[in-house]
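All remarks here apply to the structure that follows.
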Amino acid sequence: MTHILAIDQGTTSSRAILFDGSMRAVHMAQTEFPQHFPQAGWVEHDPEDIWDTTVAVCRQALEKGGLMAADVAAIGITNQRETTVVWDRTTGRAIHNAIVWQDRRTAAICADLKAAGHEPAVASVTGLLLDPYFSGTKVKWILDTVPGARARAEAGELLFGTVDSFLIWRLTGGRVHATDATNAARTLLFDIEKGEWSAQMCALLDVPPAMLPEVRDCAADFGETTLFGGSIPILGVAGDQQAATIGQACFAPGMMKSTYGTGCFALLNTGDSPVASRNRMLTTVAYQLDGKRAYALEGSIFIAGAVVQWLRDGLKLIERADQSGPLARQADPAQDVVIVPAFTGLGAPYWDPDCRGAMFGLTRNTGAAEIARAALESVAFQTRDLVEAMRADWGAEGETILRVDGGMSASNWTMQSLSDLLGAAVDRPVMQETTALGAAWLAGMQAGVYPDREGFAATWALERRFEPLMETATREARYARWKRAVAAAMSV
Ligand SMILES: Nc1ncnc2c1ncn2[C@@H]1O[C@H](COP(=O)(O)OP(=O)(O)O)[C@@H](O)[C@H]1O
Ligand SMILES: O=P(O)(O)OC[C@H](O)CO
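End of the sequence shown sits at 1060 in our numbering; the numbers just go up one at a time, nothing left out.
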């Protein structure tokens, strides 16, 4: 009973990481699974792929470590958020592919609700905006589209869940239909202040309450699984960005983390009451422990590491992601190329689904290095947009320190440019698997094998701090140019 198994079910891959009794990640397995794009702007996953890859990576990680179910004290689950599954209570099979968070098919439903003046009520109850990103309109779409689904959902025959709930249902053999407060907070159906499903939102989005999972703490009893050769309890659940916030030990109000994966998600802990944003940030649940919720302001950027993938796969300027920083370093300092990477519209704080990317400042001397630099800097400028908005919402006292993680945080050049363009310290921890660590800690703490919150926070260790080296006047001039570039891209 010495290990904790963290399941990290992400957008492009499923991962399982085994942590030992000292919270060290000791064995890992990862498998990518297919993405389906049935129409422009639509993104789906086959729930059976999600399930099969999840089970496979758990088995592989256990095998790598030569471990059995009896060696695992608990499972923690963290997951891609908002992605929506509706399944049959009797067979456990989904009635439609999972509709992924990136999917834009419900843009018209959102536009109609906005035009009818519902956004202020939605924001005040759920902390979110009327954007296709969230689960609620995706559930409505499935119920309106799959023949007979609405009547079956009303009769209690169909269940809704985000990916955590679907995995819990399958892992427990259909015994537990539950989610945690962080995942519930991403559905458009959850009253984040009261901590319960909102009848008003269910009515607005035509979602029968009978199909909703029970909402529990992030560290709680989510049932047990016997799939791995013995019984293992599931004791921790959190959406992946909240799990990273926990894994980064951002437990005190004012602490902020930013995760640079495919996209970028920055969360600022705002303490025990929700802060309504005046700057189009999201208000969300950071975690719920012992029935008490901590809240966060969240800024979501859809393209971060994806811009590096574009340099590699689209423009073929590099062969590997880690060549992007060294290439950017060679850029001519006299040139000021700006890229607005609005490949799938812009997220926070602009929320413009129709905007597309743009590049400014080209000369005859512009080459691969200048484009790479502009691509990496676009991530820093977007982070500054979020940090400015969050500080305006929450109060700007105190120094901003950003704790970073995710694949792109490995790039020293990008992290230095982030610190320069933010004018703030950027802290990169030793342990960069913060998402899985967050889920593992929740489960391990609930199982009684890991330390409490304070003890866990004390284990956070700095690998490297990046301090701003850029002159203030240069920083401000470059940021002003970025803002003009975004305005121009949005106006085309
Ligand atoms: N050294 C690096 N420099 C810049 N970007 C990188 C580097 N290593 C990885 N990336 C980018 O990070 C992303 C992968 O990060 P990861 O946290 O695994 O993302 P996700 O969980 O969204 O799949 C990719 O988009 C990749 O382009
Ligand atoms: O799976 P990731 O790491 O790309 O994260 C997805 C986010 O949870 C979407 O809100």
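Note that beta-carbon positions come from the ideal geometry of N, C-alpha and C, so glycine has one too.
This one's a predicted model, so the numbers in the text were calculated from it and none came from an experiment.
Query                                                                                                                                                                : Result
Determine the contact status of Ala1053 and Val908, defining contact as a CB-CB distance below 8 Å.                                                                  : yes
So, at 7 Å on beta carbons, what are the nonlocal neighbours of Ala864 in its own chain, with the 5 sequence-adjacent residues on each side left out?                : Thr813, Leu835, Leu836, Asn837, Thr838, Thr852, Ala854
Could you tell me if Ile677 is buried or exposed, where buried requires 16 or more neighbouring beta carbons within 10 angstroms of its beta carbon?                 : buried
Look at the alpha carbon of Val805 and the alpha carbon of Ala574, and state the distance between them as a whole number of angstroms.                               : 10 Å
Bridge partners for Arg996 per DSSP, in chain order?                                                                                                                 : Arg1032
Give me whichever residues DSSP pairs with Pro602 in a beta bridge.                                                                                                  : Answer is none; Pro602 lacks a bridge partner.
Does the region 656-664 come close enough to the region 813-824 that 3 or more CB-CB pairs lie under 8 Å?                                                            : no
Which residues does DSSP list as the beta-bridge partners of Ala806?                                                                                                 : Thr646
At a threshold of 7 Å, does Met976 count as lining ligand 1 (C-beta to nearest heavy atom)?                                                                          : yes
Around ligand 2, what residues have a beta-carbon under 5 Å from a heavy atom of it, in chain order?                                                                 : Gly578, Thr579, Gln648, Arg649, Trp669, Asp808, Gly829, Thr830
Taking a contact to mean a Cβ-Cβ separation below 8 Å, would you say Leu970 touches Ala948 in this structure?                                                        : no
Please identify the residue among Ala902, Arg880, Gln1000 whose C-alpha is closest to the C-alpha of Asn933.                                                         : Ala902
Less than 8 Å separating the beta-carbons of Gly829 and Ala753?                                                                                                      : no
What did DSSP end up calling Leu954 once you bin it into helix, strand or coil?                                                                                      : helix
Just to confirm before moving on: does the CB-CB distance between Gly634 and Ile572 stay below 8 Å?                                                                  : no
When we look at the beta-carbon of Glu1001 and count the other beta-carbons within 10 Å, is it buried (16 or more) or exposed?                                       : buried
Quickly, what does DSSP pair Phe928 with across the bridge? List them, please.                                                                                       : Val906
Just the Cα atoms here: how many angstroms apart are Phe928 and Asp904?                                                                                              : 8 Å
When you measure from the CB of Thr982 to every non-hydrogen atom of ligand 1, does any distance come out below 7 Å?                                                 : yes
Take Thr750 as the anchor and find which of Leu630, Ala597, Leu857 has the nearest alpha-carbon.                                                                     : Leu857
Using 7 Å as the cut-off, classify the Cβ of Gln810 as near or not near the heavy atoms of ligand 1, replying yes or no.                                             : no
Assess, as a yes-or-no matter, whether the region 788-795 is touched by the region 936-955 under the definition of 3 or more beta carbon pairs within less than 8 Å. : no
Could you tell me the boundaries of the beta strand (DSSP E) in which Cys832 lies?                                                                                   : 832-839
State buried or exposed for Arg1033, treating a residue as buried only when at least 16 other CB atoms are found within 10 Å of its CB.                              : exposed
Return the CA-CA distance between Glu684 and Met769, expressed in angstroms with no decimal places.                                                                  : For the record, residue 684 in the displayed sequence is Ala; it is not Glu. C-alpha separation (whole angstroms): 14 Å.
To which residues of the same chain is Pro801 closer than 6 Å at the C-beta, ignoring the five residues directly before and after it?                                : Ala642, Glu792
Taking Ser703 and Thr730 to be in contact with their CB atoms under 8 Å, please state how far apart those CB atoms are, rounded to whole angstroms.                  : 6 Å
Buried or exposed: Gly724, going by 16 or more other Cβ atoms within 10 Å of its Cβ?                                                                                 : exposed
Roughly how many angstroms separate the alpha carbons of Asp1016 and Leu1010, rounded to a whole number?                                                             : Looking at the sequence itself, residue 1016 is Gly, so the reference to Asp does not match. Computed Cα separation, rounded: 10 Å.
Given 7 Å as the limit, tell me if Asp890 has its C-beta closer than that to any heavy atom belonging to ligand 1.                                                   : yes
Assign Glu967 to one of three DSSP states: helix, strand, or coil.                                                                                                   : coil
Is the beta carbon of Ser692 within less than 7 Å of some heavy atom of ligand 3?                                                                                    : Among the ligands present in this structure, namely ligand 1 and ligand 2, ligand 3 is not found.
Distance check for Ala597 and Ala719, CA to CA, integer angstroms please.                                                                                            : 41 Å
Could you check where the beta strand (DSSP E) with Arg784 kicks off and where it finishes?                                                                          : 782-784
Do Arg880 and Ala874 have their C-beta atoms closer together than 8 Å?                                                                                               : no
What is the residue span of the beta strand (DSSP E) that Phe587 lies within?                                                                                        : 581-587
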